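Trainee: Protein chains in written order, with our numbering: chain B, 1 to 215; chain S, 216 to 430.
There are 2 protein chains.
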Amino acid sequence: MSVMSSPSSVEPRFARIAAIIGDPTRARMLGALLGGACLPAGEIAQAAGVNASTASGHLAKLIDEGLLAVEAQGRHRYYRVANGDVAHALEALSLVAERPAGADKWQREPYRSLKFARTCYRHLAGELGVRVYEAYRRDGRAWLERAGLDRAAAPQGERDAYPCLDWSERRHHLAGRLASSLLDHFLERRWLSRAPQSRALRLTPQGRRSLLELL
Amino acid sequence: MSVMSSPSSVEPRFARIAAIIGDPTRARMLGALLGGACLPAGEIAQAAGVNASTASGHLAKLIDEGLLAVEAQGRHRYYRVANGDVAHALEALSLVAERPAGADKWQREPYRSLKFARTCYRHLAGELGVRVYEAYRRDGRAWLERAGLDRAAAPQGERDAYPCLDWSERRHHLAGRLASSLLDHFLERRWLSRAPQSRALRLTPQGRRSLLELL
DNA sequence: CCGATGTTTCGGCGCGCAGCGAAGCATTTC
DNA sequence: GAAATGCTTCGCTGCGCGCCGAAACATCGG
Chain B
1 MSVMSSPSSV
11 EPRFARIAAI
21 IGDPTRARML
31 GALLGGACLP
41 AGEIAQAAGV
51 NASTASGHLA
61 KLIDEGLLAV
71 EAQGRHRYYR
81 VANGDVAHAL
91 EALSLVAERP
101 AGADKWQREP
111 YRSLKFARTC
121 YRHLAGELGV
131 RVYEAYRRDG
141 RAWLERAGLD
151 RAAAPQGERD
161 AYPCLDWSER
171 RHHLAGRLAS
181 SLLDHFLERR
191 WLSRAPQSRA
201 LRLTPQGRRS
211 LLELL
Chain S
216 MSVMSSPSSV
226 EPRFARIAAI
236 IGDPTRARML
246 GALLGGACLP
256 AGEIAQAAGV
266 NASTASGHLA
276 KLIDEGLLAV
286 EAQGRHRYYR
296 VANGDVAHAL
306 EALSLVAERP
316 AGADKWQREP
326 YRSLKFARTC
336 YRHLAGELGV
346 RVYEAYRRDG
356 RAWLERAGLD
366 RAAAPQGERD
376 AYPCLDWSER
386 RHHLAGRLAS
396 SLLDHFLERR
406 WLSRAPQSRA
416 LRLTPQGRRS
426 LLELL
C-alpha cells in the first residue's frame with residue numbers, strides 16, 4: 001500500500017468545473033456568451049431568466065473558476081468567455097450529450113441553422129466550419145491567401161491553429177488564433193452575418209459567391 | 216419576436232452531462248475508470264468511498280446519460296467508460312480546471328508520473344503521448360511501420376486518428392482507434408507497463424531502448 | 001449635489017439530491 | 001436447497017445551494 005494520495009482523490013479536478021457548468025442557469029449564461037459576445041450582467045441575467053442578484057452570484061462563481069472574464073466599463077461590467085479552452089470543453093460536453101435519439105432534429109429549427117454554421121467562442125463551427133477546416137488542411141497557407149487573409153495571420157505554433165471536435169458534425173473544425181482571424185475576416189467582408197439572439201451564422205449572397213467557391 | 220424556442224432554452228444540452236459529472240463521488244468513479252479499466256460495481260464503490268447502494272444509484276445515472284457502459288458477467292456487473300468522446304470531454308474539462316497557481320505541482324507525485332505518461336481511456340497521453348503524436352504527424356504511416364504496427368491498424372477515416380488536447384501538456388496527443396491499437400501494441404511489447412491503482416504508465420527498460428529511439 | 005441606473009451583498013426560504021441501512025433479487029457455491 | 005456473495009431498490013434524513021427581495025454600493029446624468 002502506497003502512502004501517496006490515491007488517484008481517486010487527485011482526479012476530480014474536473015469535478016469542480018463540471019459542477020459549475022452543470023447548473024442549468026449557469027449553463028444558460030454560458031450559452032448566451034458562447035457566441036463570443038461581451039454582455040453586461042443585466043442582459044445575462046435576462047437571457048438566463050433569473051433575478052439580477054441571482055445572476056450576480058453565478059457570475060462571481062464563473063469568474064472564480066476561470067470560465068468567464070470580466071471588464072468594467074463605467075457602471076457596466078461586461079462578461080465574456082475566458083478563453084478557447086472553455087469553449088472547447090463545452091463543445092466536448094455537447095458532443096457527449098448528443099443522444100442517438102431524435103437524429104431528425106437537425107432538420108428543424110433552431111438546430112438546422114446552428115448545424116449549418118455557428119460561432120463557437122470566436123471561430124466558425126458547423127458544416128461550414130468543417131468544410132473550411134478540410135480546405136485548409138488540404139491546401140495549407142495557399143488556401144489562406146486565396147481566401148484573402150493577411151499573411152500576418154498565418155499560424156506560428158500549434159496553438160494558433162488546432163482542430164476542435166464539432167458537436168453537430170462529429171468531425172473537426174478549426175480553432176485557435178488563426179480561426180478567430182478567419183471568422184473576423186468573413187464577417188468583415190460580409191460573407192457571413194450573425195443571426196440575432198443566436199450563435200447561428202448566415203451565409204450572405206456575397207458569401208455564397210465568394211466563400212463557397214473556396215471550399 | 217420569434218416564437219421559436221430561444222437559444223437560451225436550447226443550449227444547455229451540456230448542462231445535464233456536466234451536472235452528472237459534477238458530483239464529486241461520480242467524478243471519482245469516472246476517474247477510476249478513465250484508465251480504461253473494466254471494474255465491477257463493488258470496486259467502484261470502494262474507489263469512490265461510498266456505500267454499495269449509493270454507488271449503484273450513481274452508476275445507474277451514469278449509464279442513463281451514456282457516460283458508462285455495463286456488461287453483466289455472472290453475478291458481477293462490469294462498468295467501463297462508454298466511448299472516447301466521454302474521455303475527451305473529461306480531459307477538456309481537466310484542462311480548464313488547470314489553475315495557473317501551483318505550476319510546480321507537476322514536479323511532485325502523483326502528478327509527475329501522470330504528466331510523463333498515462334492512459335486516457337484507451338490511448339496514450341502525457342509527454343510521451345504528445346511525442347508519439349508529433350512523430351506520427353511528421354512521418355505518417357511510415358512511422359507506424361517502424362514502430363512495428365500491423366498495417367491493418369492504419370487509419371481509414373478521420374475518426375480513426377484524431378488529435379486530442381492533452382490536459383497536462385496543453386498540446387495534442389493522438390486519439391481514436393489507431394491510438395488504441397498503438398497503446399495495446401506498446402503494452403504487449405512491454406515497452407510500457409501500467410502502474411497499479413493509477414492511470415500512470417511507466418517506461419520499461421525495453422521501452423527506453425526501443426520506443427525512445429522512434430521519437 | 002440628487003435621482004436614476006447597473007451591480008453586488010446579505011438574510012431567509014425551500015427544493016433537490018446525495019447519503020445510509022435494510023430488505024429484495026439474482027447468481028454462484030457446497 | 002441453503003448459505004454466501006454481488007448488486008439494486010426503497011424509505012428516510014440532512015445538508016447544500018439556487019432562488020428572491022431588500023438594502024448597500026458604485027457610476028452616470030442633470
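Backbone N, C-alpha and C define an ideal beta-carbon position, used for all residues, glycine too. Predicted model only: the values in this text are computed from it and were never measured.
#1: When DSSP labels each residue in this structure, what does Val130(B) get in the three-state scheme?
#2: From this set, Glu428(S), Leu364(S) and Ala270(S), which residue's C-alpha is nearest Leu398(S)'s C-alpha?
#3: Specify whether the region 298-311 of chain S and the region 376-383 of chain S touch according to this definition: at least 3 beta carbon pairs, one from each stretch, less than 8 Å apart.
#4: To the nearest angstrom, how far is it from the Cα of Leu33(B) to the Cα of Leu192(B)?
#5: Which of helix, strand or coil does DSSP assign to Ala117(B)?
#6: Let me make sure I understand the geometry here. Which of Arg352(S), Ala256(S) and Glu342(S) has the alpha-carbon closest to that of Ala287(S)?
#7: What span of residues does the beta strand (DSSP E) with Leu174(B) cover, start to end?
#8: Whose Cβ in chain B lies nearer than 8 Å to the Cβ of Ala373(S)?
#9: How would you list, in chain order, the residues of chain S whose beta-carbon sits under 9 Å from the beta-carbon of His88(B)?
#10: Would a C-beta distance cut-off of 8 Å place Ala69(B) and Ala55(B) closer than the cut-off?
#11: Give me the chain B residues within the contact set of Gly281(S), using Cβ-Cβ distance strictly less than 8 Å, ordered along the chain.
#12: Is there a Cβ of chain S sitting closer than 8 Å to that of Arg16(B), yes or no?
#13: Does Asp300(S) come within less than 8 Å of chain B when only Cβ atoms are used?
#14: From the DSSP output, read off the bridge partner residues of His338(S).
#15: Does chain B have any CB closer than 8 Å to the CB of Ala242(S)?
#16: Could you list which residues in chain B have their beta carbon closer than 7 Å to that of Pro370(S), in chain order?
#17: When Cβ atoms are compared, which residues of the region 123-154 of chain B fall closer than 7 Å to chain S?
#18: List the residues of chain S that Ala179(B) touches, going by C-beta distances under 9 Å, in chain order.
#19: Would Pro378(S) and Pro155(B) be called neighbours here (beta carbons separated by less than 8 Å)?
#20: Taking 8 Å as the threshold (C-beta atoms), are Arg405(S) and Gln421(S) in contact?
#21: Does the region 139-146 of chain B come into contact with the region 112-128 of chain B, if we say contact requires no fewer than three beta-carbon pairs (one atom in each stretch) closer than 8 Å?
#22: Between His338(S), Tyr294(S) and Ser425(S), which has its C-alpha nearest Gly391(S)'s C-alpha?
#23: Within the 8 Å Cβ cut-off, does Ala161(B) reach chain S?
#24: Is Ser383(S) helix, strand or coil when you go by DSSP?
#25: Check the Cβ-Cβ distances between Gly289(S) and every residue of chain B, and say whether any is below 8 Å.
#26: Only counting the same chain, and skipping five residues up and downstream in sequence, which positions put a Cβ closer than 6 Å to that of Leu215(B)?
#27: Strictly under 8 Å for the Cβ-Cβ distance: is Pro222(S) near chain B by that measure?
#28: Would you please state the rounded distance, in angstroms, between the beta carbons of Ala18(B) and Pro227(S)? I believe it to be under 8 Å.
#29: Taking only the alpha-carbon atoms, compute the straight-line gap between Phe401(S) and Ala415(S) and give it to the nearest angstrom.
#30: Comparing the C-beta of Gly272(S) with each C-beta of chain B, is any distance below 8 Å?
#31: Assign Glu188(B) to one of two classes, buried (16 or more other C-beta atoms within 10 Å of its C-beta) or exposed (fewer than that).
Mentor: Result, derived from the coordinates:
#1: Position 130 of the first sequence, counted from the start, is the residue given in the question as residue 130(B). Judged by DSSP in its simplified three-state form, Val130(B) adopts helix.
#2: As a working note, residue 398(S) is residue 183 in the second sequence. Checking every option, the nearest Cα to that of Leu398(S) belongs to Leu364(S).
#3: Two segments are said to touch when three or more pairs of C-beta atoms, one from each, lie closer than 8 Å; by this definition the region 298-311 of chain S touches the region 376-383 of chain S.
#4: Indexing the first sequence from 1 puts residue 33(B) at position 33. Indexing the first sequence from 1 puts residue 192(B) at position 192. In a straight line, the C-alpha of Leu33(B) is about 19 Å away from that of Leu192(B).
#5: Here residue 117(B) is taken as the residue at index 117 of the first sequence, counted from 1. Residue state, collapsed to three classes: coil.
#6: Position 72 of the second sequence, counted from the start, is the residue given in the question as residue 287(S). Comparing Cα-Cα distances from Ala287(S) to each of Arg352(S), Ala256(S) and Glu342(S), the minimum goes to Ala256(S).
#7: Here the question's residue 174(B) lines up with position 174 in the first sequence. His172 to Ala175 is the extent of the beta strand (DSSP E) around Leu174(B).
#8: The residue labelled residue 373(S) in the question sits at position 158 within the second sequence. Note that residue 373(S) corresponds to Glu in the displayed sequence, not to Ala. Within 8 Å Cβ-Cβ: Arg171 and His172.
#9: The sequence position of residue 88(B) within the first sequence is 88, counting from 1. By Cβ distance, chain S contributes Ala307, Leu310, Val311 and Leu380.
#10: Stepping through the first sequence from its first residue, residue 69(B) is reached at position 69. Stepping through the first sequence from its first residue, residue 55(B) is reached at position 55. Contact: no.
#11: Here residue 281(S) refers to the residue found at position 66 when the second sequence is read from its first residue. For Gly281(S), the chain B residues whose Cβ falls inside 8 Å of its Cβ are Val96 and Arg99, in order along the chain.
#12: For the purposes of this step, residue 16(B) is taken as residue 16 along the first sequence, with counting starting at 1. Arg16(B) counts as touching chain S.
#13: The residue you call residue 300(S) lines up with position 85 of the second sequence. True, the Cβ-Cβ gap to chain B drops below 8 Å.
#14: Position 123 of the second sequence, counting from 1, holds the residue named residue 338(S). Paired residues: Cys335(S).
#15: Translated into positions along the second sequence, residue 242(S) becomes position 27. Yes, because at least one Cβ of chain B sits closer than 8 Å to the Cβ of Ala242(S).
#16: If you number the second sequence from 1, residue 370(S) lands on position 155. Within chain B, no residue comes near Pro370(S); the closest Cβ sits about 14 Å away, beyond 7 Å.
#17: Residues of the region 123-154 of chain B with a C-beta atom less than 7 Å from some C-beta of chain S do not occur.
#18: Locating residue 179(B) in the first sequence gives position 179, where the first residue counts as 1. Under the 9 Å cutoff, chain S gives no residues; its nearest Cβ is about 14 Å from Ala179(B).
#19: Your numbering for residue 378(S) matches position 163 in the second sequence. Your numbering for residue 155(B) matches position 155 in the first sequence. No. Outside cutoff.
#20: Within the second sequence, numbered from 1, the residue matching residue 421(S) stands at position 206. Within the second sequence, numbered from 1, the residue matching residue 405(S) stands at position 190. In contact: Gln421(S) and Arg405(S) (Cβ atoms closer than 8 Å).
#21: Between the region 139-146 of chain B and the region 112-128 of chain B, the count of Cβ pairs shorter than 8 Å is below three; the stretches do not touch.
#22: To locate residue 391(S), count along the second sequence from 1; it is residue 176. Taking each of His338(S), Tyr294(S) and Ser425(S) in turn and checking the Cα distance to Gly391(S), the smallest one comes out for His338(S).
#23: Taking the first sequence and counting its residues from 1, the one referred to as residue 161(B) is at position 161. False, the Cβ-Cβ gap to chain S never drops below 8 Å.
#24: Position 168 of the second sequence, counted from the start, is the residue given in the question as residue 383(S). Residue state for Ser383(S) is assigned as coil, using DSSP reduced to three classes.
#25: For the purposes of this step, residue 289(S) is taken as the residue at position 74 of the second sequence. No, no contact with chain B.
#26: Counting from 1 along the first sequence, the entry for residue 215(B) is found at position 215. Cβ neighbours of Leu215(B) beyond the five flanking positions: Arg131 and Ala135.
#27: Residue mapping note: residue 222(S) aligns to position 7 of the second sequence, counting from 1. Bear in mind that the predicted position of Pro222(S) carries a pLDDT of just 43, short of 50, making it too unreliable to give a figure here.
#28: Along the first sequence, one-based indexing puts residue 18(B) at 18. Along the second sequence, one-based indexing puts residue 227(S) at 12. Taking C-beta atoms under 8 Å as the contact rule, Ala18(B) and Pro227(S) fail to qualify, at a distance of about 13 Å.
#29: By one-based count along the second sequence, residue 401(S) stands at place 186. By one-based count along the second sequence, residue 415(S) stands at place 200. Roughly 14 Å separates the two Cα atoms.
#30: Counting from 1 along the second sequence, the entry for residue 272(S) is found at position 57. Output row for Gly272(S): interface = no.
#31: In the first sequence, residue 188(B) corresponds to position 188, counting from 1. Flag for Glu188(B) reads exposed.
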